[in-house]
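> Residue numbers (my numbering), protein chains in the order written: chain A, 1 to 440; chain B, 1 to 193. Sending over a structure as structure tokens; questions will come in a sec.
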Amino acid sequence: MRRILLCLSITLVLAVPGVAQDPPAGTQPDVTITLADGNARQLRLAVPDAGLDNTASASLRVAAGDFDQTLRDDLDFAGPFRVQGPDELGVLTLTGNQGHDFEQYRSLGNDIVVLGRIFEEGDRFVLEGYVYDLPSGQSVFGKRYRGSMDQARRIAHTFADAIVEALTGEPGIALSALAFHSDRDGFQELYLMDYDGRNQRRITGHKSTSGFPNWSGTSDAIAYVSYFTEQPGVYYVKLPGGEKVPIHTSGNLNISPSISSDGQWVAFGHADAVNTDIFVCQREACSAPQQITKASGIDTNPAWSPDGSQIAFTSDRSGRPNVYVMERDGSNVRRISFDGNYNDGAAWHPEGTLIAYASRRGNRFQITVTDAVTLETRTLTSGPHSYEEPTWSPNGRYLAFSEKRGRSSQIWVIDSDGGAPRQLTFEGNNAAPDWSAGAL
Amino acid sequence: MSIDRKWIALALTLMLALAIGCKKDAPQVAPPPAVEPTTTDTTERVEAAPAPGPSTDTQQPQRPATLQLWEQELRRQGLIGDVFYAFDRYDLSAESKQRLAKNAEFLNSSEGQGVMVTIEGHCDERGTNEYNLALGQRRGQAALDYLASLGVDSSRFKTVSYGEERPFCTQSDEACWAQNRRAAFVITAAPGY
Chain A
1 MRRILLCLSI
11 TLVLAVPGVA
21 QDPPAGTQPD
31 VTITLADGNA
41 RQLRLAVPDA
51 GLDNTASASL
61 RVAAGDFDQT
71 LRDDLDFAGP
81 FRVQGPDELG
91 VLTLTGNQGH
101 DFEQYRSLGN
111 DIVVLGRIFE
121 EGDRFVLEGY
131 VYDLPSGQSV
141 FGKRYRGSMD
151 QARRIAHTFA
161 DAIVEALTGE
171 PGIALSALAF
181 HSDRDGFQEL
191 YLMDYDGRNQ
201 RRITGHKSTS
211 GFPNWSGTSD
221 AIAYVSYFTE
231 QPGVYYVKLP
241 GGEKVPIHTS
251 GNLNISPSIS
261 SDGQWVAFGH
271 ADAVNTDIFV
281 CQREACSAPQ
291 QITKASGIDT
301 NPAWSPDGSQ
311 IAFTSDRSGR
321 PNVYVMERDG
331 SNVRRISFDG
341 NYNDGAAWHP
351 EGTLIAYASR
361 RGNRFQITVT
371 DAVTLETRTL
381 TSGPHSYEEP
391 TWSPNGRYLA
401 FSEKRGRSSQ
411 IWVIDSDGGA
421 PRQLTFEGNN
431 AAPDWSAGAL
Chain B
1 MSIDRKWIAL
11 ALTLMLALAI
21 GCKKDAPQVA
31 PPPAVEPTTT
41 DTTERVEAAP
51 APGPSTDTQQ
61 PQRPATLQLW
71 EQELRRQGLI
81 GDVFYAFDRY
91 DLSAESKQRL
101 AKNAEFLNSS
111 EGQGVMVTIE
121 GHCDERGTNE
131 YNLALGQRRG
141 QAALDYLASL
151 GVDSSRFKTV
161 SYGEERPFCT
171 QSDEACWAQN
181 RRAAFVITAA
191 PGY
């Protein structure tokens, strides 16, 4: 079954040169190999360094090294693969004869080999990437990528995502990005980083206190809070240009904006006097936002469900901060957090009914996930510090969050089962990560 | 590529694929990369990655240095003292009410005439940052409401909550946390400044 579908896929890629980035609708999902969860064996990928001519320039060699490492890291991080690089493949005797070499890759248990050829075209970095199914010797796909010399990592991300999609049917996340805030340049400002923590760059310069970013599901806007008028207002950064656009700035307090998946709506916490409530408006027309919570306590920190029909939020109506879910018009409010004595920071899983949040156990917050329907709850972290502000990767396989140690704070990422922690930030204090829904 | 050639290519490729690629017993020895890789120029996507210009953003205005100095002096004299709160609370203790009564006295005095104040609500670091923004709002507003009840014109005040974003004290111990759970008085305008 699988082989036949792969053949179909190859055919279509071959037949439509120049339009290969988006294979015709309907073909791609057929290639799906279910490997992700449960006891399914990980697909094994041999990923030797991409080939370079002897005449390659020094700068191309550096870029190629960056490319090779990034590609392997991406495929490794993607989850359903076990990747063998030059260290493991070094024991093989490769001759350049493809049939012989493929047998060699297979002898180490590999299912797939990813081959590349890198060369320069003018001052451009060009990759020809090939993916082969080793048992059959058939090409899964071949593509050519070109970009400026300093974009080798981005080309690797693009190729990695294409491989993930071709082999699993699931979009890759290597081109996704995290927004966060940091004080590394003196003031608290907004920053972006690639999903692997690389390429961290500042995107606001208000020289005030700015932060709490939230991506539009359409990846063309990041809502945030800034105090540059001295009262906290909610704004958004328009991408790619970076223009800053006010959403709502009047009243005493405008905080914790959340943009809906379709990019059209914003929910945020707002107070004219003592009490903070949740208001909803259109992103581009927010002069008269609609108040959707009316309880006497604090209602704040809203988060849209992926389908836009519900909003999770934090309320102290029970006496302590807890996470609740309501319909988008404010009706049908139900509490979903029952463990811990302080719960905040709801983040919806990109597809399902799972909601991650920070739950205080004793003096520390732990990342906890509750199914909003069944209320089944799992605590993912158990470390000695405080873990807050969770956000899901676009495929729901990972969570990023901030780890607080007293006043210092850094951003980490873990598998959605709580394993494999990796630190993404190191410079200054960094917090409030929010993972984009798609490629940036 | 013309449409005709594209269709011919499609037909040929389909035939090729059916003839070779999908045969039940495809040869184990792979053909050389006969596939001329399809062209995908990522240049445009690479260069479209956001490179926003933060330097053009609107920046927070600074208060005049002379006003800040005068405010420091008033604070030293205990005329605009801070008010402190219990953990996770925003109600005013008897001590806080005394403090606010003193502040009201100054604001209603001849020296305090025309002074405009922002009351900042602050929190310690132990809660979550986002919830603390709402808690700090309650703290600042509780102080404002009490001042208004003492007869100070509430239009002279604004409140702003900083949550735990702008702490006064940066140690992680109770002595420091207690200092950070406060409403602070900041003079934004005064006659002569």
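All C-beta atoms in this analysis are idealised placements derived from N, C-alpha and C, irrespective of residue type, glycine included.
(1) Restricting to runs no shorter than 3 residues, where is the beta strand (DSSP E) found entirely within the stretch 51–82 of chain A?
(2) If you reduce the DSSP assignment to three classes, tell me which class P29 of chain A lands in.
(3) May I have the straight-line CA-CA distance separating A312 of chain A from S256 of chain A, to the nearest angstrom?
(4) Hey, which unbroken runs of the beta strand (DSSP E) at 3 residues or more fall wholly within the stretch 310–354 of chain A?
(5) Residues in the same chain with beta-carbon distance under 6 angstroms from G79 of chain A, minus the five sequence neighbours each way, listed in chain order, please.
(6) Does chain A have any CB closer than 8 angstroms to the CB of S161 of chain B?
(7) To the nearest angstrom, report how far apart Q141 of chain B and T159 of chain B are at their CA atoms.
(8) Under 8 angstroms, with one C-beta from each stretch per pair, do the stretch 132–149 of chain B and the stretch 171–179 of chain B reach the 3-pair mark?
(9) Between the stretch 105–124 of chain B and the stretch 276–288 of chain A, do three or more beta carbon pairs fall short of 8 angstroms?
(10) Report all residues from its chain with a CB closer than 8 angstroms to the CB of P321 of chain A; omit the five preceding and five following residues, and keep chain order.
(11) Would you call the stretch 203–210 of chain A in contact with the stretch 73–92 of chain A, where contact means no fewer than 3 C-beta pairs closer than 8 angstroms?
(12) On a CA-only basis, which of A:G263, A:D53, A:F187 and A:L253 is nearest A273 of chain A? Give me that one, please.
(13) Closer than 9 angstroms, Cβ to Cβ, to anything on chain A: give me those residues from the stretch 106–127 of chain B, in chain order.
(14) Give a yes or no on whether the minimum CB-CB distance between S172 of chain B and chain A is below 8 angstroms.
(15) Do the CB positions of A50 of chain A and A152 of chain A come within less than 8 angstroms of each other?
(16) So which residues on chain B does D344 of chain A lean against when the C-beta distance must stay under 7 angstroms?
(17) Apart from the five residues just before and just after F212 of chain A, which ones in its own chain have a Cβ nearer than 8 angstroms to its Cβ?
(18) Can you say whether A267 of chain A is buried or exposed, counting buried as having 16 or more other CB atoms within 10 angstroms of its CB?
(19) Can you find a CB in chain B that lies within less than 8 angstroms of the CB of F180 of chain A?
(20) Quick check: what's the CA-CA separation for A160 of chain A versus E121 of chain A?
(21) When you compare the stretch 414–423 of chain A with the stretch 160–178 of chain A, are there three or more beta-carbon pairs, one atom per stretch, that lie closer than 8 angstroms?
(22) In the DSSP assignment, find the beta strand (DSSP E) that holds E427 of chain A and state where it starts and stops.
(23) Would you please state the rounded distance, in angstroms, between the beta carbons of A295 of chain A and R328 of chain A? I believe it to be under 8 angstroms.
(24) Give every residue of the same chain whose Cβ lies closer than 6 angstroms to the Cβ of I292 of chain A, excluding the five residues on either side of it in the sequence, and list them in chain order.
(25) At which residues does the beta strand (DSSP E) containing C286 of chain A begin and terminate?
(26) If we cut at 8 angstroms on Cβ distances, does L52 of chain A have a partner in chain B?
(27) Could you check where the beta strand (DSSP E) with I448 of chain A kicks off and where it finishes?
(28) Assign V323 of chain A to buried or exposed, taking buried as 16 or more other Cβ atoms, counted over all protein chains shown, within 10 Å of its Cβ.
(29) Name, please, each residue of chain B whose Cβ falls closer than 7 angstroms to the Cβ of T140 of chain A.
(30) Going by the C-beta, is A63 of chain A closer than 7 angstroms to any heavy atom of the ligand HEM?
(31) Check whether the stretch 343–363 of chain A and the stretch 386–395 of chain A touch, using three or more Cβ-Cβ pairs below 8 angstroms as the test.
(32) Identify which residue in B:G81, B:T56 and B:F168 has its Cα closest to the Cα of L107 of chain B.
(33) Starting from C176 of chain B, trace the alpha helix (DSSP H) both ways and give me its first and last residue.
(34) Excluding five sequence neighbours on each side, which residues of the same chain lie with their C-beta closer than 8 angstroms to the C-beta of D111 of chain A?
(35) Can you tell me whether DSSP reads Y191 of chain A as helix, strand or coil?
(36) For A184 of chain B, count neighbouring C-beta atoms within 10 Å of its own C-beta (all shown protein chains included) and say buried if the count is 16 or more, exposed if not.
In short:
(1) none
(2) Here P29 of chain A scores only 27 on pLDDT, less than 50, and its place in the model should not be relied on; the value that follows carries that caveat. DSSP places P29 of chain A in helix when its eight states are reduced to three.
(3) Rounded to the nearest angstrom, the gap between the Cα atoms of A312 of chain A and S256 of chain A is 12 angstroms.
(4) 310–315, 322–327 and 343–348
(5) R397
(6) yes
(7) 6 angstroms
(8) no
(9) no
(10) I298, T314, S315, Y342, N343 and D344
(11) no
(12) A:L253
(13) Listed in chain order, the positions of the stretch 106–127 of chain B with a beta carbon within less than 9 angstroms of a beta carbon of chain A are T118, E125, R126 and G127.
(14) Interface residue, yes.
(15) no
(16) T128, E130 and Y131
(17) H181, Y224, V225, I255, S256, P257 and A432
(18) buried
(19) No - not a single Cβ of chain B is within 8 angstroms of the one on F180 of chain A.
(20) 22 angstroms
(21) Taking 8 angstroms as the limit for Cβ pairs, the verdict is that the stretch 160–178 of chain A does not touch the stretch 414–423 of chain A.
(22) Membership of E427 of chain A in any beta strand (DSSP E) is not indicated, and neither H nor E is assigned to it by DSSP.
(23) The pair is not a contact, with the Cβ atoms about 17 angstroms apart (cut-off 8 angstroms).
(24) The answer, listed in chain order, is I278, V280 and G330.
(25) A285 to Q291
(26) no
(27) With chain A covering 1 to 440 only, the question about residue 448 of chain A has no answer from this structure.
(28) buried
(29) Reading the sequence as shown, one finds Val at residue 140 of chain A and not Thr. None at all; the shortest Cβ gap to chain B is about 10 angstroms.
(30) In the structure shown, the ligand HEM is absent, as is every other ligand, since no ligand is present at all.
(31) yes
(32) B:G81
(33) E174 to N180
(34) L43, R44, L45, D133, L134 and P135
(35) strand
(36) By the 10 Å Cβ count, A184 of chain B comes out buried.
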